Amino acid sequence: TGAAQYNNSAQNAAVTTASAPNAAATTEEYAEIHCPMINHILLYAFTFGIWYFIWIYKSTRYLNRALGSEQYDPVKKLLLCIFVPFYSIYWYYKHGEKLDILTHSKNIRVDDMKTTCLVLGILFPSVACFLMQERYNLICQTDTQINTQSDSQTHTQTNSQVIAQANYQPVTPAVPENPENNEINSL
């Protein structure tokens, strides 16, 4: 029984260590772009536009995860948005397109953002920024729920395997008695 408990704790430790790096990477990944909407609006308003430029950098970096889309250098995109007039309108369109690709790759069924971002980028850039952040938060929330469910299923399966192994007791097959051996032993 002591050996079984040792094996169980060793296997649980192996499960914990195996899943820890994935959990840390996921947390860092979502912390990079996830921002509660009220915080995003307040930062946008009270930093006098500085948050907007930080957000452009973070968004460009995050959207490079979209499969099958062009990879952008976040620093170059930020500098273009700062120094080239009207470039941010193009940036909203292209990043709305990448956001659509990322959203559809995560099997989230929502309206496309590229046209909305283009129109709002022209008329109300801050509203386009808020809508894109809302979509980022939706992606993060959905991925977190999926990862939590898969982690709990993996952990449950692993625990049930550990319990099954702990309760396993090998059964030794009964050796049929040979009548010839009994006669020899009785002599």
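Numbering (our numbering), first residue to last: 1444 to 1630. For every residue, glycine included, the Cβ atom is placed at its ideal position computed from N, Cα and C. In this text, all values refer to a predicted model and were calculated from it rather than measured experimentally.
Exposed or buried, which one is residue i when buried takes at least 16 other CB atoms within 10 Å?
i, result
"L1510", "exposed"
"S1502", "buried"
"A1468", "Confidence is the limiting factor: at A1468 the pLDDT is only 35, short of 50, which leaves the residue's position unreliable, though a coordinate-based value still follows. With fewer than 16 other Cβ atoms within 10 Å, it is exposed."
"I1493", "exposed"
"M1480", "exposed"
"T1558", "exposed"
"E1540", "buried"
"A1488", "exposed"
"L1566", "exposed"
Confirm, please, whether the CB-CB distance from residue j to residue i is below 8 Å.
i, j, result
"L1561", "Y1535", "yes"
"I1497", "F1573", "no"
"C1478", "Q1584", "no"
"Y1515", "C1524", "no"
"Y1505", "I1476", "yes"
"V1570", "L1563", "yes"
So residue i packs on residue j, CB below 8 Å; how close in whole Å?
i, j, result
"R1508", "L1545", "6 Å"
Does the segment 1518-1532 come into contact with the segment 1546-1557, if we say contact requires no fewer than three beta-carbon pairs (one atom in each stretch) closer than 8 Å?
no
Which runs of the alpha helix (DSSP H) fall wholly inside the segment 1484-1544 and span at least 4 residues, in chain order?
1493-1506, 1517-1526
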